[in-house]
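**Student:** Residue numbers (this note's numbering): 45 to 229. Glycine included, C-beta positions come from ideal geometry on N, C-alpha and C. Next up is a structure, given as structure tokens.
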């Protein structure tokens, strides 16, 4: 078994990936989107954080959190989010509760771990925000980023940080054409 070492920085800005235990044909997160939103709010009551960007996919999510100045404990926050969500929904056929999970009182909804990445600089931050917003297109759920229903992309557009047609296929084709023409000149 691997030993994971988490990089903990007070006031850090982190990118996270959190995944359901059963990914195949599992729409649990979007089927219970309001419960998931409530779970984030529940965790923020006593353990505040700012969620800069987020995308909720049927079976996983990505987000960026900014932690308070003197705090690095993202693990407690994720424990609260996962536990609140798990307690708030009815049991489904997608739960696999093995002996170990049963012994620990776990429902089998979430993968036990999550993936985190400490954001290093503005370039790293921008790359992860773009990864988050493009994720529904990458997985084939939508054709355009703006069609993603459970994404902070729309908030970023309202703030003037992205054009509404950001990463649209015709824009990318135009960029590729310009790049090819520039290289042939």
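Can you give me the C-alpha to C-alpha distance between residue 68 and residue 178, rounded to a whole angstrom?
**Tutor:** 21 Å
**Student:** Could you check the C-alpha separation between residue 186 and residue 180 for me, to the nearest Å?
**Tutor:** 6 Å
**Student:** Relative to the C-alpha of residue 188, which residue among 173, 170 and 208 is closest?
**Tutor:** 208
**Student:** Where residue 93 and residue 210 are concerned, what is the direct C-alpha to C-alpha distance, given to the nearest angstrom?
**Tutor:** 27 Å
**Student:** Quick one: what does DSSP say residue 53 is sitting in, helix, strand or coil?
**Tutor:** If DSSP states are grouped into helix, strand and coil, residue 53 belongs with coil.
**Student:** So what's residue 168 in DSSP terms, helix, strand or just coil?
**Tutor:** helix
**Student:** When you compare only the Cα positions, how much space is there between residue 66 and residue 199?
**Tutor:** 30 Å
**Student:** Give me, in chain order, the residues of the same chain whose beta-carbon lies closer than 6 Å to that of residue 101; leave out the 5 immediate sequence neighbours on both sides.
**Tutor:** none
**Student:** Beta-carbon separation of residue 106 and residue 61 under 8 Å?
**Tutor:** yes
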